[in-house]
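Q:
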Amino acid sequence: MSIIYTRLGEVALRHDFYRDGLAKDILLWPTDETAHLMKNGKILFRKTPGGIVLLYRAEEDEVTPLTPLQLPQSFFFFFKPENAAAFLQITDLDDGLEQFQADKVPFFQNTPANASPASDAPEELTYQLLDGRRGKSFSFELSLNPVPSSVRIKVRNAAGDVISPGKDIAGNPLPDGFEVNPDDHGVFRFLFDFSGKKEGVYTFTLRNSADTEDLWSKNYWLGNSPSSQPLGLLELRYQAAPNHLYGPKEYYQLSFIRKESRWTYYVVNGNNKVDLISSALQIQDQGNEGSVPYGAYAFDQIGASPNVDIKINNLETVVFRSQDKIPYFEIPKLNFQLRKTPENQVLIPNLPNPSRSAPTKLSGGEANSEIYVFI
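Dropping the structure here:
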């Protein structure tokens, strides 16, 4: 008897920071429950140069699964970059509603109704930030301002079904809307137990005692976390309708987005050979070379020349900031010229780009990259 494996689906990992569009050095592996599920369903997980592929063991017709899984099912995969600092420097992980922070979990998932059998038009996985990862049994405490007399707990699974938040001392499931009172210091303490539930995303909501208003809400992924801390999660969902688990091969794409920021140049008069009072400095964009995602950028001088509030190493400094955000890209932005007027002298023909190892800072609510230049 031949051993036959048929491709179930592929996930392409992409990043538009790179010229070839391929995400680099991303580690991706199944969660414990998913690995067990795949073993029972005789599904293999394989890494490819551009992502991952899933294969299932099939009968002689190369279509019928030897050990079919019941639907609905979800496969979860952790992912992390090999160099987290470098990845975070070039990658925008905000989701449009929230800014990425250390306690947030990047989360990608497919939409079963949008499954694509076309390799040249893969389904783009949706993206959001989760509020964290938790085990299936966990406790936490919380303070609310103002402190309500009590709160009611409501927990929903990914399908939107209300589930019990735990068990009482007799082992009976707690009811929906279970009421919790604060302690003498106004702190609410919770102990959740979801033993026996599937891993996945659960929504936790605290409502007022009248059960008419949400006071607090979080989305957590519940399941076993590995010792090597992952950055985020990927979920592939398969439902009974439309049933495409063992149908045509599906193609998915997980896309990371390059970061963009305003660039701030600190031009330092290192040897005091430039008279910053009788002469003026300017940054001019002389255009782009080749196929790059850059536009044309103008810079404003921040403050006087030299800046009266900012000195680098106690040296005269002139500060320039781009009017618009500039994307990070594998190919550097060329032709930012530092000029001295009225002589129209080019002091530096190609100003440096931000260092990939330097952190991006928030300034006025916007990402800001600092570059130091000595003349």
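Counted the way our numbering counts, the sequence shown spans residues 180 to 554.
Where a beta carbon is used, it is the ideal one built from N, C-alpha and C, also for glycine.
(1) Count the other CB atoms, across all protein chains shown, that sit within 10 Å of the CB of R198; report buried if there are 16 or more and exposed otherwise.
(2) With a threshold of 8 Å, are at least 3 pairs of Cβ atoms found where one atom belongs to the region 316-336 and the other to the region 377-395?
(3) When you compare only the Cα positions, how much space is there between Y381 and F255?
(4) Got a sec? Which residues, its chain only, sit under 8 Å from A263 by beta carbon, not counting five neighbours each side?
(5) Classify L530 as buried or exposed, calling it buried when 16 or more other Cβ atoms lie within 10 Å of its own Cβ.
(6) Counting only runs that start and end within the region 348-404, where is the beta strand (DSSP E) found for 3 or more residues in a row?
(7) With three or more beta-carbon pairs closer than 8 Å as the criterion, would you say the region 420-438 touches the region 360-377?
(8) Taking DSSP's pairing of strands, which residues face L233 in a bridge?
(9) Grab me the residues of R186's own chain with a C-beta within less than 7 Å of its C-beta, minus the 5 sequence neighbours each way, in chain order.
(10) Please go through the same chain and pick out, in chain order, the residues whose beta-carbon is closer than 8 Å to the beta-carbon of N219, but skip the five residues on each side of it.
(11) By DSSP's criteria, N547 is part of a beta bridge. Which residues make up the other side?
(12) Given a cut-off of 9 Å, decide if G379 and G402 are closer than it, judged by their beta-carbon atoms.
(13) Residues in the same chain with beta-carbon distance under 8 Å from E302, minus the five sequence neighbours each way, listed in chain order, please.
(14) Short of 6 Å in beta carbon distance, which residues of its chain neighbour F287, apart from the five on each side in sequence? Order them along the chain.
(15) Going by the CB atoms, is the gap between I489 and G482 shorter than 9 Å?
(16) For Q418, collect the residues of the same chain with a Cβ closer than 7 Å to its Cβ; drop the 5 residues on either side in sequence, then sort them by chain order.
(17) Which residues in the same chain as L455 place their Cβ atom closer than 7 Å to its Cβ, once the five residues preceding and following it in sequence are excluded?
(18) Whole-angstrom Cβ separation of V330 and V284, contact assumed at under 8 Å?
(19) Return the residue from the list A297, F515, R441 that minimises the CA-CA distance to E468.
(20) Start and end of the beta strand (DSSP E) containing A125?
(21) How would you call A237, buried or exposed, if buried means at least 16 neighbouring beta carbons within 10 angstroms?
(22) Look up D211 in the DSSP assignment and say whether it is helix, strand or coil.
(23) What does the Cβ neighbour count give for F319, buried or exposed, with the cut at 16 atoms within 10 Å?
(24) Evaluate the contact criterion for the region 457-464 versus the region 515-528: three or more CB pairs, one atom per stretch, below 8 Å.
(25) Alpha carbon to alpha carbon, how far is R505 from G339?
(26) Name the two residues that bound the continuous beta strand (DSSP E) containing F256.
(27) What do you get for K452, buried or exposed, if any count of 16 or more other CB atoms within 10 angstroms of its CB means buried?
(28) Can you tell me the Cα-Cα spacing of D195 and G356, whole angstroms?
(29) Taking the DSSP output, what are the residues bridged to I481?
(30) For P405, which residues from the same chain have a beta carbon less than 7 Å from its beta carbon, with the 5 sequence-adjacent residues on both sides left out?
(31) Leaving out five residues on either side along the sequence, give the residues of the same chain with a beta carbon under 8 Å from the beta carbon of S458.
(32) Just to confirm before moving on: does the CB-CB distance between E549 and Y473 stay below 9 Å?
(33) Taking the alpha-carbon positions, what's the K512 to N532 distance?
(34) How should S536 be labelled, buried or exposed, when 16 other C-beta atoms within 10 angstroms of its C-beta is the threshold for buried?
(35) If you draw a straight line from the C-alpha of L385 to the C-alpha of I342, how long is it?
(36) Taking S388 and S328 to be in contact with their CB atoms under 8 Å, please state how far apart those CB atoms are, rounded to whole angstroms.
A: In short, the structure shows the following:
(1) When all chains shown are included, R198 counts as exposed.
(2) Touching, yes, given that three or more Cβ pairs across the two stretches are closer than 8 Å.
(3) Roughly 14 Å between the two C-alpha positions.
(4) Excluding its 5 nearest sequence neighbours in each direction, A263 has C-beta neighbours in its own chain below 8 Å: L410, listed in chain order.
(5) A residue is called buried when at least 16 other Cβ atoms come within 10 angstroms of its Cβ; L530 meets this threshold and is buried.
(6) As far as the region 348-404 is concerned, its whole beta strand (DSSP E) runs of at least 3 residues are 357-359, 366-372, 379-387, 393-401.
(7) Segments in contact, no.
(8) The beta-bridge partner set that DSSP reports for L233 consists of G188, F224.
(9) In its chain, beyond the 5 residues on either side, V232, L234, K428 have a beta carbon closer than 7 Å to the beta carbon of R186.
(10) Answer for N219: T246, L248, listed in chain order.
(11) Answer by DSSP bridge pairing, in chain order: R441, K540.
(12) For G402 and G379, yes; Cβs fall inside 9 Å.
(13) Answer for E302: N289, T290, N293, A294, S295, E429, Y430, Y431, Q432, listed in chain order.
(14) Excluding five sequence positions before and after F287, the CB atoms of its chain that fall closer than 6 Å to its own CB belong to L304, Y306, L413, L433, given in chain order.
(15) Here G482 is near I489, since their CB atoms are less than 9 Å apart.
(16) Within the same chain, L250, P251, P291 come within 7 Å of Q418 by CB-CB distance, once the 5 residues on both sides are set aside.
(17) Here the set comprises N448, S484, P485, E495, V497.
(18) No, V330 and V284 are not in contact; Cβ-Cβ is about 24 Å, not under 8 Å.
(19) The candidate whose alpha carbon is nearest that of E468 is F515.
(20) The structure shown has nothing for residue 125, since the chain only spans 180 to 554.
(21) The residue is buried, with at least 16 neighbouring Cβ atoms inside 10 Å.
(22) Helix.
(23) Around the beta carbon of F319, fewer than 16 other beta carbons sit within 10 angstroms, so the residue counts as exposed.
(24) The region 457-464 makes contact with the region 515-528, as at least three CB pairs between them are under 8 Å.
(25) For the record, residue 505 in the displayed sequence is Ile; it is not Arg. Cα-Cα distance, rounded: 40 Å.
(26) Counting along the chain, F256 sits inside the beta strand (DSSP E) bounded by residues 252-260.
(27) That one is exposed.
(28) Their backbone Cα atoms lie some 45 Å apart in a straight line.
(29) In the DSSP assignment, I481 is bridged to V498.
(30) Cβ-Cβ distances below 7 Å link P405 to F257 in the same chain, with the five nearest sequence neighbours on each side left out; the list follows chain order.
(31) Apart from sequence neighbours up to five positions away, the residues of its chain that approach S458 with a beta-carbon distance below 8 Å are K519, T520, P521, E522, ordered along the chain.
(32) The answer is no: Cβ separation not under 9 Å.
(33) Each residue's CA atom was taken as its position, placing K512 and N532 some 7 Å apart.
(34) Classification for S536: exposed.
(35) Distance between the alpha carbons of L385 and I342: 14 Å.
(36) About 6 Å separates the CB atoms of S388 and S328; that is less than 8 Å, so the two are in contact.
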